[in-house]
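So for the sequence shown, the numbering used here puts the first residue at 865; every next one is plus one. C-beta: ideal position from N, C-alpha, C; glycine also.
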Amino acid sequence: MHGPRQRDEIDKLYKTQRWKKLRPVIKARDFGLCQECKRRKVITKGNIVHHKVEARDDLSLFWDKDNLELVCSTCHNKDHPERSGGKKKAKPKTAVVKFYANNER
């Protein structure tokens, strides 16, 4: 089992005034409700502002309100099982279809 992950520059963004001001904006926009639960027709109070596309995958989306949503701890832990000692969730693989030209006319 691995220890806690190393803290880095991205972690520092969560301590900035800009982030502290953005969090309540997202909470209000999402009416204090977990958006993941809401998609399943369940009403649950949200408490974590979550990046849909992880900051480590695309830092340019860190401040993008469209990339943020409020979720409950349970849903956030499902998205990030590595934070509670589990294995990191596998990224879905995108199917690539290749087309090749032929000499038919």
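Quiz item: Going by DSSP, which residues form a beta bridge with E900?
Solution: Its beta-bridge partners do not exist; DSSP assigns none.
Quiz item: Are H915 and L932 close, meaning C-beta to C-beta below 8 Å?
Solution: In this structure, L932 lies closer than 8 Å to H915 by Cβ.
Quiz item: Out of curiosity, what's the CA-to-CA distance linking K929 and I890?
Solution: Taking the straight line from one Cα to the other gives about 7 Å.
Quiz item: Of the choices N911, V917, W927 and A919, whose alpha-carbon is the least far from that of L934?
Solution: The option with the nearest alpha carbon to L934 is N911.
Quiz item: In the structure shown, what three-state DSSP assignment does K909 receive?
Solution: K909: strand per DSSP, three-state reduction.
Self-check item: V889, DSSP secondary structure in three states
Solution: In this structure, V889 counts as helix in the three-state DSSP scheme.
Practice problem: Can you tell me the Cβ-Cβ gap for I874 and L925, rounded? I've got them flagged as a contact below 8 Å. | Solution: Cβ atoms of I874 and L925 stay farther apart than 8 Å, at about 12 Å.
Quiz prompt | Range of the contiguous beta strand (DSSP E) that encloses L933 | solution = In the sequence as displayed, the identity of residue 933 is Glu instead of Leu. Here the beta strand (DSSP E) through E933 covers L932 to V935.
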